[in-house]
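Protein chains: 2
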Amino acid sequence: MLQSTRRSLPMSLLRAREVVMAQFRPILAQHGVSEQQWRVIRVLGEQSPLDATELAERASILAPSLTRIIKALEERSLITRGKVEADGRRVMLSIAPKGQVLISEVSPESSAIYDDVQRRIGQERYEQLLDLLEGLIDLEKK
Amino acid sequence: MLQSTRRSLPMSLLRAREVVMAQFRPILAQHGVSEQQWRVIRVLGEQSPLDATELAERASILAPSLTRIIKALEERSLITRGKVEADGRRVMLSIAPKGQVLISEVSPESSAIYDDVQRRIGQERYEQLLDLLEGLIDLEKK
DNA sequence: CATAACTACTTAACATGTTAAATATCAAAA
DNA sequence: TTTTGATATTTAACATGTTAAGTAGTTATG
Numbered sequence: 001m002l003q004s005t006r007r008s009l010p011m012s013l014l015r016a017r018e019v020v021m022a023q024f025r026p027i028l029a030q031h032g033v034s035e036q037q038w039r040v041i042r043v044l045g046e047q048s049p050l051d052a053t054e055l056a057e058r059a060s061i062l063a064p065s066l067t068r069i070i071k072a073l074e075e076r077s078l079i080t081r082g083k084v085e086a087d088g089r090r091v092m093l094s095i096a097p098k099g100q101v102l103i104s105e106v107s108p109e110s111s112a113i114y115d116d117v118q119r120r121i122g123q124e125r126y127e128q129l130l131d132l133l134e135g136l137i138d139l140e141k142k
Numbered sequence: 001m002l003q004s005t006r007r008s009l010p011m012s013l014l015r016a017r018e019v020v021m022a023q024f025r026p027i028l029a030q031h032g033v034s035e036q037q038w039r040v041i042r043v044l045g046e047q048s049p050l051d052a053t054e055l056a057e058r059a060s061i062l063a064p065s066l067t068r069i070i071k072a073l074e075e076r077s078l079i080t081r082g083k084v085e086a087d088g089r090r091v092m093l094s095i096a097p098k099g100q101v102l103i104s105e106v107s108p109e110s111s112a113i114y115d116d117v118q119r120r121i122g123q124e125r126y127e128q129l130l131d132l133l134e135g136l137i138d139l140e141k142k
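If you want it as structure tokens, here you go:
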């Protein structure tokens, strides 16, 4: 039996993400960062420094995209880039002061939206959804 | 409180989608179509003809992307494009014979993967996940 | 009928996704 | 030590995402 395009898992995941991100995009746009740039900054805000591979993994961004994003963010002094003594191939990325300022500016607005979405869905359903998604994500590792 | 980048809804939705699509991409690649092109073809396979706006909505593709995709698919004779008598602005798209052949080739493999994912997650959890996603998507309309 | 407002689609410009290939460096084996 | 293979990142090429602006056709209003 053919899967309907309406109730298909990939499509539903795409649309759901679209609905959620539509809430965030205006805020990020106001601060001049893209969704992906914001992910990179936020990950580095949680832990710095990180090498590019780790960062790519945690921000769910492919290496070639990350290369471009790093370049852009470094030029705006939102992050800094350093080399590793022991391994000449690797690049270490850190959050820069300007980046930390950005995080402190965006985070409150971001949190407000998260809370709003969570409230509109319902606390219980929200957690349930995250659990189910986590289970789906873990399929990859099996 | 800062949202962790690990257990955030947008990230989880992105990663979950990535896990699922990773299963499909090889098949689509074998048949020479991108994920988005396949969505367009499949929607037209369910209903033809459709005008571009309807098609964009159902395939969750933005108008500018759709313009490019239509061009590519038309050049490969997978879909056809026609005009509307009553309204000179609109474009009507239909599935072409070659497109139908493609659908008949890809669908079985696609279904097998859907079934596999569904089985690995569990029927009940699978339905539950779709329901929760649907609820999230409906937030947009409120 | 003329104009203004709206609609459907396209084009433009730039960022990112995606795959493949290239570079440089490191690590292991001969 | 040289070669081979693996790893980390970058570059390239093309498709798509995204926002803004442009074009053509339509509808409403006067």
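Which chain is which? The protein sequence lines are A and B, in order. Using full-length UniProt numbering, you'd call the opening residue of the first sequence number 1 and step up by one each time. Using full-length UniProt numbering, you'd call the opening residue of the second sequence number 1 and step up by one each time. All residues carry an ideal CB built from backbone N, CA and C; glycine is no exception.
Inside the segment 41 to 87 of chain B, DSSP marks whole alpha helix (DSSP H) runs of 4 or more residues at positions 52 to 59 and 63 to 75, from first to last along the chain. Using a Cβ-Cβ cut-off of 8 Å, residue 109 of chain A does not count as an interface residue toward chain B, since no Cβ of chain B sits closer than that to its own. Taking 8 Å as the cut-off, the beta carbon of residue 133 of chain A is found no closer than this to the beta carbon of residue 93 of chain B. Close to chain B, meaning a Cβ-Cβ distance shorter than 8 Å, are the following residues of the segment 9 to 31 of chain A: 9, 10, 11, 12, 13, 14, 15, 16, 17, 18, 19, 20, 21, 22 and 24. Where residue 4 of chain A is concerned, there is no enclosing alpha helix (DSSP H), because DSSP gives it neither an H nor an E. Residues of chain A whose Cβ lies closer than 8 Å to the Cβ of residue 34 of chain B do not exist; the shortest such Cβ separation is about 13 Å.
The C-beta separation of residue 99 of chain B from residue 41 of chain B comes to about 5 Å, placing the pair in contact by the 8 Å criterion.
Here the segment 18 to 36 of chain A makes contact with the segment 106 to 118 of chain A; the two share three or more CB pairs at distances below 8 Å.
Looking only at A:77, A:128, A:11 and A:95, the smallest Cα-Cα distance to residue 59 of chain B is reached by A:11. Contact of residue 54 of chain A with chain B is not assigned, every C-beta pair being separated by 8 Å or more. In this structure, the alpha-carbon of residue 70 of chain A lies about 40 Å from that of residue 122 of chain B. Excluding its 5 nearest sequence neighbours in each direction, residue 66 of chain A has C-beta neighbours in its own chain below 8 Å: 40, 52, 55, 56 and 59, listed in chain order. In the three-state reduction of the DSSP assignment, residue 94 of chain A falls in the strand class, which pools E and B.
With a 10 Å radius around the Cβ and a threshold of 16 neighbouring Cβ atoms, residue 17 of chain B comes out buried.
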